[in-house]
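Shown next, in structure tokens, is the structure this report addresses.
Protein chains: 2
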Amino acid sequence: MARMVAERSDAIASLAEVFREHGYEGASLALIGKATGLGKGSLYHFFPKGKEEMVRAVLAEIDQWFEDSVYSPLREGTDANAAVTSMLDETTKYFRSGRRVCLVGALAVANTRDLFAQAIRGYFIAWVDALQSALVRQGRDVEQARLLSEDAVLAIQGAIVLSRALDDPAVFERAIGQLHKRLGVEANGIVVPATARPEGSITPFR
Amino acid sequence: MARMVAERSDAIASLAEVFREHGYEGASLALIGKATGLGKGSLYHFFPKGKEEMVRAVLAEIDQWFEDSVYSPLREGTDANAAVTSMLDETTKYFRSGRRVCLVGALAVANTRDLFAQAIRGYFIAWVDALQSALVRQGRDVEQARLLSEDAVLAIQGAIVLSRALDDPAVFERAIGQLHKRLGVEANGIVVPATARPEGSITPFR
DNA sequence: CGCATAGTGTACCAATCAGTAAAGTATTTA
DNA sequence: TAAATACTTTACTGATTGGTACACTATGCG
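The following block contains the structure:
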């Protein structure tokens with residue numbers, strides 16, 4: 001196996017960044033070449049089917065990262081509550097408090113949705129399912145856990161949109177703060193009923 | 207003033223649709239021409255600065271629609287609680303339960319963000335501010351109203367992303383359902399001060 | 001060494017891109 | 001009706017698009 005300078009896998013991080021920043025249509029081969037430092041020849045050597053294959057490779061890597069860093073701990077962590085907290089922290093780091101776009105979310109909104117529909121769907125289903133599993137292990141009702149996890153994943157996506165729109169990472173961080181409250185064990189209605197929660201405990205910020 | 211067949215304003219609805227479906231970069235002049243039924247000559251006659259001006263016109267119209275149908279009732283409605291409910295219903299209709307993308311949200315995530323930063327920011331700030339105003343008139347604490355309204359707007363954006371990703375409008379509708387609960391007066395155990403209470407409009411405490 | 005394979009650089013392609021120019025047609029206004 | 005204005009059509013840019021072809025170099029292996 002001949003190894004010159006680059007490996008296929010080395011390019012994927014750069015590819016991810018360029019697709020995040022410019023979208024599928026906006027990321028031209030010129031831009032991609034600049035971002036990866038690879039010429040067209042190399043790019044088509046590594047990804048014979050062009051941009052589509054590049055995006056698929058990026059999606060696969062993203063999926064792997066989330067599987068290892070988020071879904072798996074959520075599903076299998078012994079301390080479900082700690083796993084939830086860890087998810088929120090990892091997510092904040094990963095999306096850089098909303099400064100970094102979620103490629104999967106961006107693709108879901110673009111008209112390229114159909115091309116990657118399966119991968120997009122898989123990403124979000126895995127996330128919601130894993131989170132639900134942790135919430136159930138916290139002692140919650142299955143139905144409520146479903147609703148809550150769907151709501152949490154959706155809030156993270158929305159937080160990215162809004163914090164970018166307002167150009168304010170604090171928006172993202174406040175949203176994560178809300179989720180910490182909503183997903184924590186003390187909010188599951190067993191320890192402290194939501195209706196009995198003192199007003200001051202809702203706003204820990206600023 | 208010579209009027210042939212089309213007016214500038216007639217094109218805007220089609221323009222909005224084509225930008226929603228294909229994004230700023232993805233909406234080529236060929237596509238735009240097909241969607242509006244206008245040739246390049248006419249398009250550049252109405253929008254001398256090209257795509258950028260078209261998007262600005264669309265954003266202005268969107269802003270106007272939200273101002274009239276959402277923000278203004280939220281700010282000035284006598285029944286704050288009814289205004290909130292109406293906002294959620296109008297929003298569901300407008301975004302067609304997540305089947306229709308929010309152009310402003312999509313632009314906020316794309317790399318074209320900087321071009322339209324001011325309009326994007328204005329749209330979301332107006333929304334959050336108007337909602338906060340209604341929540342305060344419901345009798346809520348200003349700080350909590352701020353958090354809640356930010357959270358609600360962000361949830362709507364996230365609901366669009368997730369429901370599209372899962373290709374399931376029910377996801378959007380569930381999210382709106384959650385918001386109905388969170389934003390209703392009966393939630394959070396708030397006690398509406400007599401001064402802020404519109405006569406006879408309070409839903410009895412659950 | 002020498003050959004196969006892996007990876008690269010460059011020139012090229014047809015198609016499409018946003019945008020321009022200008023001649024032509026409709027419509028209003030005077 | 002005639003001139004002015006509003007709009008449309010068509011043809012045309014030069015640049016860029018994604019993608020191909022192929023000669024080229026580097027590297028690993030026997």
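Going line by line, the protein sequences match chains Y and B. With the first letter of the first sequence counted as 1, position 47 gets the number 47 in the numbering used here; the numbers rise by one all the way through. To convert a position in the second sequence, counted from 1, into the numbering used here, add 206. Glycine residues also receive a C-beta, built at the ideal position from the N, C-alpha and C atoms.
query: Give me the Cα-Cα distance between glycine 345/B and glycine 364/B, rounded to the nearest whole angstrom.; result: 27 Å
query: Does isoleucine 125/Y come within less than 8 Å of chain B when only Cβ atoms are used?; result: yes
query: Hey, out of Leu31/Y, Tyr44/Y, Phe172/Y, whose CA is closest to valine 153/Y's CA?; result: Phe172/Y
query: Is the region 266–278 of chain B touching the region 320–338 of chain B in the sense that three or more CB pairs, one from each, lie closer than 8 Å?; result: yes
query: When you compare only the Cα positions, how much space is there between alanine 217/B and proline 254/B?; result: 14 Å
query: Any contact of the region 59–68 of chain Y with the region 33–50 of chain Y, i.e. 3+ C-beta pairs under 8 Å?; result: no
query: Determine contact between the region 291–299 of chain B and the region 228–242 of chain B, defined as no fewer than three beta-carbon pairs at a distance below 8 Å.; result: no
query: Against chain Y, with Cβ distances strictly below 8 Å, would asparagine 317/B count as a contact?; result: yes
query: Using CA atoms only, rank isn't needed, just tell me which of Gly177/Y, Ile125/Y, Gln178/Y is closest to aspartate 63/Y.; result: Ile125/Y
query: Taking valine 367/B as part of the alpha helix (DSSP H), name the residues at either end of that continuous run.; result: 348–371
query: Anything in chain Y within Cβ reach of arginine 370/B, meaning under 8 Å, just list it in chain order.; result: Ala108, Val109, Arg113
query: Does DSSP classify lysine 255/B as helix, strand or coil?; result: coil
query: Could you tell me which chain Y residues have their CB closer than 9 Å to the CB of isoleucine 268/B, listed as they occur along the chain?; result: The premise fails here: isoleucine 268/B is roughly 13 Å from chain Y at the closest Cβ pair, so nothing lies under 9 Å.
query: Can you give me the start and stop residues for the alpha helix (DSSP H) that aspartate 79/Y sits inside?; result: Segment: none, aspartate 79/Y is in no alpha helix (DSSP H) and carries neither H nor E.
query: Taking the alpha-carbon positions, what's the alanine 376/B to valine 84/Y distance?; result: 25 Å
query: Going by DSSP, what residue range makes up the alpha helix (DSSP H) through leucine 341/B?; result: 323–343
query: In terms of residue numbering, what span does the alpha helix (DSSP H) encompassing leucine 309/B cover?; result: 309–315
query: Does the Cβ-Cβ distance between isoleucine 326/B and alanine 316/B come in under 8 Å?; result: no
query: Does any CB atom of chain B fall closer than 8 Å to the CB of isoleucine 202/Y?; result: Residue placement at isoleucine 202/Y is flagged as unreliable, the pLDDT there being 40, under the threshold of 50; a coordinate-derived value is accordingly withheld.
query: Distance check for alanine 57/Y and tyrosine 230/B, CA to CA, integer angstroms please.; result: 25 Å
query: May I have the straight-line CA-CA distance separating valine 224/B from serine 303/B, to the nearest angstrom?; result: 19 Å
query: Which residues mark the beginning and the end of the alpha helix (DSSP H) in which leucine 183/Y is found?; result: 169–183
query: Using a C-beta cutoff of 8 Å, does aspartate 157/B count as contacting chain Y?; result: Residue 157/B cannot be examined here, being either before or after the span of chain B that is shown, 207 to 412.
query: Would glutamine 178/Y and aspartate 357/B qualify as a contact pair, given that the criterion is a beta-carbon distance under 8 Å?; result: yes
query: Looking at arginine 388/B: is its Cβ nearer than 8 Å to the Cβ of valine 307/B?; result: no
query: Specify, as a first and last residue, the run of the alpha helix (DSSP H) that arginine 306/B falls within.; result: From DSSP, arginine 306/B is part of no alpha helix (DSSP H); its letter is neither H nor E.
query: Between alanine 119/Y and chain B, is there a C-beta pair that is closer than 8 Å?; result: no
query: Looking at chain B, is there any beta carbon in it that lies within less than 8 Å of the beta carbon of isoleucine 176/Y?; result: no
query: Can you confirm whether alanine 236/B, when its beta carbon is compared against all beta carbons of chain Y, has any partner nearer than 8 Å?; result: no
query: Determine the direct distance from the alpha carbon of glutamate 61/Y to that of methionine 87/Y, and round the result to whole angstroms.; result: 18 Å
query: Using the C-alpha atoms, what's the distance from glutamate 258/B back to aspartate 320/B?; result: 12 Å
query: Using 10 angstroms around the beta-carbon of glycine 39/Y, count the other beta-carbons present and answer buried if the total reaches 16, otherwise exposed.; result: exposed
query: Is any beta-carbon of chain Y found at less than 8 Å from that of glycine 364/B?; result: yes
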